[in-house]
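Engineer: 53 is the number of the first residue of the sequence shown in our numbering; add one for each residue after it. From the three backbone atoms N, C-alpha and C, an ideal C-beta is built for every residue, glycine too.
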Amino acid sequence: MHRITVMKVFNTIAALQNELALLKRTSFNVGFVPTMGALHEGHLSLLKSSKEKDHCTVVSIFVNPTQFNDKNDFEKYPRNVDKDLEILESAGCNIVFVPNEKEIYPEPDTRVFDFGGLDQVMEGQCRPGHFNGVAQVVTRLFKIVKPCRAYFGYKDFQQLAIIRFIVKKYNIPVEIVACPIVRESTGLAMSSRNTRLCESDRAKASKISKVLFYLKDRYNSFHSVKEMQAYVAGELTLNDGFDLEYFEVVDEETLLPPDSLQQPVSKVGCIAVWIGGVRLIDNVNFLS
Ligand code: PAF
């Protein structure tokens, strides 16, 4: 398989598309990994999956303002493009797209998406407008890159469900590839936000995944979601520095709560919790 060896970085849509047009002339399959930078092993696992399947991988780095419902969170979002480029080059990335805001939004994006209710729970409830912003940027990026496959992590489980939904609903010709959560050695799910945790909070935060895996291991001993919620609230207490925003159990596709834990559908336990002023999310699939 012919591969590009030197990583190229583009800041404009025109320059990126010019390069992609040349590549696509020789029937290149383009894989796409959209990111907001502050790259970690989780992002690199997406790149690795693409490199296994596609002739060439485009990674985008763009901190998308429209998906932040909290201005402070947008401003504090970690940014280090130079380091990201070094990481991507060593990982064998082919093309990086680093647009500025004007390039992506020459005009304000006023599109409002229909997510069939998938945005009415969990992250959608806690972060109003967040998924509309994600859909705005992801559909724009898909239109620019026109990848055959795009890679997303299970860590942002609700985002993945929503992207799968809009791809189907709006007939976007791209295959969505879901990749497993990558965890630090302590079990903490990798996230760009982890860099904002002080050392002791980072150590404490490993308890989040421990609680989720305890629930998975003892799944059959819990009789209801309420019982699970009580267990989670008892483990992640304010006294220990946690501020639990939600713990929900939902159907993997519909994101609806199951009628009972015994229902034979794929159920995912999802959590959002604050620690040291940083909001972390994680999830575990109870049936896989
Ligand atoms: O998951 C993320 O990092 C972002 O939501 C995404 C998909 C890159 C859109 O900005």
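Under the criterion of a Cβ to heavy atom distance below 7 angstroms, does Thr87 qualify as lining the ligand PAF?
Structural biologist: The residue labelled residue 87 in the question sits at position 35 within the sequence shown. Thr87 Cβ: within cutoff of the ligand PAF.
Engineer: Is it right to say Phe194 is buried, meaning 16 or more other beta carbons lie within 10 angstroms of its own, or is it exposed?
Structural biologist: Within the sequence shown, the letter at position 142 stands for residue 194. Buried, by the Cβ-count rule.
Engineer: Cutting at 6 angstroms between CB atoms, please list the residues of its own chain near Val277, excluding the five before and the five after it.
Structural biologist: Sequence index remark: in the sequence shown, residue 277 carries index 225 (1-based). Val301, listed in sequence order.
Engineer: Using CA coordinates, which residue listed in Leu313, Asn337, Leu75, Ser312 is at the minimum distance from Ile323?
Structural biologist: Within the sequence shown, numbered from 1, the residue matching residue 323 stands at position 271. With distances taken between Cα atoms, Ile323 lies closest to Asn337.
Engineer: How many angstroms separate the CA atom of Asp136 from the CA atom of Ser312?
Structural biologist: If you number the sequence shown from 1, residue 136 lands on position 84. If you number the sequence shown from 1, residue 312 lands on position 260. C-alpha separation (whole angstroms): 44 angstroms.
Engineer: Quick one: complete alpha helix (DSSP H) runs, 4+ long, within the segment 104-138?
Structural biologist: 123-128
Engineer: Would the C-beta of Val110 count as close to the ligand PAF, meaning under 7 angstroms from any of its heavy atoms?
Structural biologist: Counted from its first residue, the sequence shown places residue 110 at position 58. Val110 Cβ: outside cutoff for every heavy atom of the ligand PAF.
Engineer: Answer with buried or exposed for Thr238, where buried requires no fewer than 16 other C-beta atoms within 10 angstroms of its C-beta.
Structural biologist: In the sequence shown, residue 238 corresponds to position 186, counting from 1. Thr238 is classed as exposed because its beta carbon has fewer than 16 other beta carbons within 10 Å across all chains shown.
Engineer: Between which residues of its own chain and Met53 is the CB-CB distance below 7 angstroms, once the five residues before and five after are set aside?
Structural biologist: Position 1 of the sequence shown, counted from the start, is the residue given in the question as residue 53. Residue placement at Met53 is poorly supported in this model, since its pLDDT is 44, which falls under 50; the coordinates still yield a value, given next. Closer than 7 angstroms at Cβ, skipping near neighbours: His107.
Engineer: Name the DSSP bridge partner or partners of Ile147?
Structural biologist: Taking the first residue of the sequence shown as 1, we reach residue 147 at position 95. Lys60, Val110, per the DSSP bridge assignment.
Engineer: Starting from the C-beta of Trp326, find all residues in its chain whose C-beta is less than 6 angstroms away, skip the five residues before and the five after it, and write them out in chain order.
Structural biologist: For the purposes of this step, residue 326 is identified with residue 274 of the sequence shown, where counting begins at 1. Correct list, in chain order: Asp295.
Engineer: Rounded to whole angstroms, what is the Cα-Cα separation between Thr87 and Val115?
Structural biologist: Numbered from its first residue, the sequence shown carries residue 87 at position 35. Numbered from its first residue, the sequence shown carries residue 115 at position 63. Looking at the two C-alpha atoms, the distance is approximately 8 angstroms.
Engineer: Whole angstroms are fine: how far does the CA of Val150 sit from the CA of Ser252?
Structural biologist: Here the question's residue 252 lines up with position 200 in the sequence shown. Here the question's residue 150 lines up with position 98 in the sequence shown. The alpha-carbon atoms of Ser252 and Val150 are separated by roughly 33 angstroms.
Engineer: Does the ligand PAF have a heavy atom nearer than 7 angstroms to the CB of Asp208?
Structural biologist: Here residue 208 corresponds to residue number 156 of the sequence shown, with the count starting at 1. Yes, Cβ of Asp208 sits closer than 7 angstroms to a heavy atom of the ligand PAF.
Engineer: Any heavy atom of the ligand PAF inside 7 angstroms of the beta-carbon of Val219?
Structural biologist: The residue you call residue 219 lines up with position 167 of the sequence shown. No, since every heavy atom of the ligand PAF falls outside the 7 angstroms radius drawn around the Cβ of Val219.
Engineer: Is it true that the segment 72-79 meets the segment 88-95, where meeting means three or more beta-carbon pairs spaced less than 8 angstroms apart?
Structural biologist: Too few Cβ pairs lie closer than 8 angstroms, so no.
Engineer: With respect to 7 angstroms, is the separation between the Cβ of Gln315 and the closest non-hydrogen atom of the ligand PAF below this value?
Structural biologist: For the purposes of this step, residue 315 is identified with residue 263 of the sequence shown, where counting begins at 1. For Gln315, the shortest separation between its Cβ and any heavy atom of the ligand PAF does not lie below 7 angstroms.
Engineer: From the DSSP output, in three-state form, read off Ala66 for me.
Structural biologist: Counting from 1 along the sequence shown, the entry for residue 66 is found at position 14. Residue state, collapsed to three classes: helix.
Engineer: Does the segment 203-220 touch the segment 170-181, meaning 3 or more C-beta pairs lie closer than 8 angstroms?
Structural biologist: yes
Engineer: Say yes only if the C-beta of Val190 is nearer than 7 angstroms to one or more non-hydrogen atoms of the ligand PAF, and no if none qualify.
Structural biologist: Locating residue 190 in the sequence shown gives position 138, where the first residue counts as 1. Yes, since a heavy atom of the ligand PAF falls inside the 7 angstroms radius drawn around the Cβ of Val190.
Engineer: Is it buried or exposed, Tyr222, if we count other Cβ atoms within 10 angstroms and call 16 or more buried?
Structural biologist: Your numbering for residue 222 matches position 170 in the sequence shown. So Tyr222 ends up on the exposed side.
Engineer: Measure from the alpha carbon of Lys198 to the alpha carbon of each residue in Asn335, Leu339, Asn70, Lys60, then state which is nearest.
Structural biologist: Along the sequence shown, one-based indexing puts residue 198 at 146. Of the candidates Asn335, Leu339, Asn70, Lys60, the one whose C-alpha sits nearest the C-alpha of Lys198 is Asn70.
Engineer: In the DSSP assignment, find the alpha helix (DSSP H) that holds Phe265 and state where it starts and stops.
Structural biologist: Indexing the sequence shown from 1 puts residue 265 at position 213. Looking at the DSSP string, the run of the alpha helix (DSSP H) that includes Phe265 is 251-269.
Engineer: Could you work out which residue in Val226, Lys220, Gly185, Val189 is closest to Tyr203 when comparing CA atoms only?
Structural biologist: Here residue 203 refers to the residue found at position 151 of the sequence shown. When only C-alpha atoms are compared, the closest one is Val226.
Engineer: Rounded to the nearest angstrom, what separates Val320 and Gly181 at their Cα positions?
Structural biologist: Looking up residue 320 in the sequence shown gives position 268. Looking up residue 181 in the sequence shown gives position 129. Going from the Cα of Val320 to the Cα of Gly181 covers about 23 angstroms.
Engineer: For Asn116, is the beta carbon positioned less than 7 angstroms from some heavy atom of the ligand SAH?
Structural biologist: Judged by which ligands are present, the ligand SAH is missing from the structure shown, whose ligands are the ligand PAF.
Engineer: Sorted by chain position, which residues of the same chain lie with C-beta nearer than 7 angstroms to Phe217's C-beta, five sequence neighbours on each side aside?
Structural biologist: Mapped onto the sequence shown, residue 217 falls at position 165. Result list for Phe217: Phe167, Gly168, Leu170, in chain order.
Engineer: Would you kindly work out how many angstroms separate the C-alpha atoms of Thr118 and Pro130, rounded to a whole number?
Structural biologist: Walking along the sequence shown from the start, residue 118 turns up at place 66. Walking along the sequence shown from the start, residue 130 turns up at place 78. Going from the Cα of Thr118 to the Cα of Pro130 covers about 16 angstroms.
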